[in-house]
Amino acid sequence: MILIAIGLIIGGVFWYSYQQTNLTSGSEIKLTKTKSSNKDAATVTKSSSRAPTFYVDIKGAVQKPGVYRMTSQQRVNDVVLAAGGFLTNADQNQVNLSLKLYDQQIIYVPIKGEIQDQSLPTTIEQTPTEAATASSGAVTASAAESSVTTTKFDLNTATKEQLMQINGIGEKKAELIINYRQEHGQFKQLDELKDISGIGDKTLEVLKENLTLGQE
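For the sequence shown, our numbering begins at 1183 and goes up steadily by one.
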């Protein structure tokens, strides 16, 4: 009986040791897989964060026109979303949302029925190669000046949305301009804009490049 008991004890010890070995091995395999998965995820994240970043200027009929920091992996649709999306009167048919973005790109979203000034450097069909060529030393001073020509709006008839397309005019200033126009009648000269809160000499000079009084 003593020999049988000793045999059972020895067998139990070997069985316990075997189970512990298998458990340890399984844990090591699981831990190795977890570390490998984490490493792969970190590699993907690191790779995405390395995508070149640059700045794109979106103007026109979007909620928040302005300059946005984007990456080479993004497209026009992404910068439209970053700008809060289209306004209700935006002419989306003139915007190619699938185009890739590039540094210093200008995207202009016209409103429905708007006749866009052909001299605007805002065509989103322009490729990065064309943009680089346009900015090279081969461009003359006169060509450079014409490339920055912008659409001019009539100060006495422009809508709130049209005024917000102008650099320096946000929603609040656009409303103030329209309220001033309703209270005092049509503007007789652009300098009257200085009577509106928030518009000084420097701002006025910028606005004059985008505004007219009737047919000028």
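No residue lacks a Cβ here, since even glycine has one placed at the ideal position from N, Cα and C.
Reference residue i, options the options, closest by Cα
i	options	result
residue 1395	1374, 1283 and 1234	1374
residue 1255	1192, 1285 and 1333	1285
residue 1336	1389, 1234, 1273 and 1281	1389
residue 1281	1270, 1253, 1232 and 1269	1253
Per DSSP, the bridge partner or partners of residue i
i	result
residue 1237	1251
residue 1291	1242
residue 1282	1257
residue 1358	DSSP, once it has assigned bridges, lists no residue as partnering residue 1358.
residue 1272	1293
residue 1335	1393
Buried versus exposed call for residue i [16 or more other C-beta atoms within 10 Å across all chains shown]
i	result
residue 1371	exposed
residue 1247	buried
residue 1287	buried
residue 1402	The question about residue 1402 has no answer here: the residues shown for the chain are numbered 1183 through 1398.
residue 1296	buried
residue 1191	exposed
residue 1345	buried
residue 1356	buried
residue 1272	buried
residue 1387	exposed
Inter-residue CB distance, residue i and residue j (contact presumed, cutoff 8 Å)
i	j	result
residue 1258	residue 1250	About 11 Å; that fails the 8 Å criterion.
residue 1283	residue 1261	6 Å
residue 1392	residue 1334	6 Å
residue 1268	residue 1276	Residue 1268 to residue 1276, Cβ: 11 Å. No contact.
Q. Are at least three pairs of beta-carbons, each pair with one atom in the segment 1233-1242 and one in the segment 1334-1342, less than 8 Å apart?
A. These segments do not touch.
Q: Report yes or no: do three or more beta-carbon pairs, one from the segment 1350-1366 and one from the segment 1379-1393, lie closer than 8 Å?
A: Touching, yes.
Q. Can we say the segment 1359-1378 touches the segment 1284-1292, given the rule of at least three CB pairs closer than 8 Å?
A. Too few Cβ pairs lie closer than 8 Å, so no.
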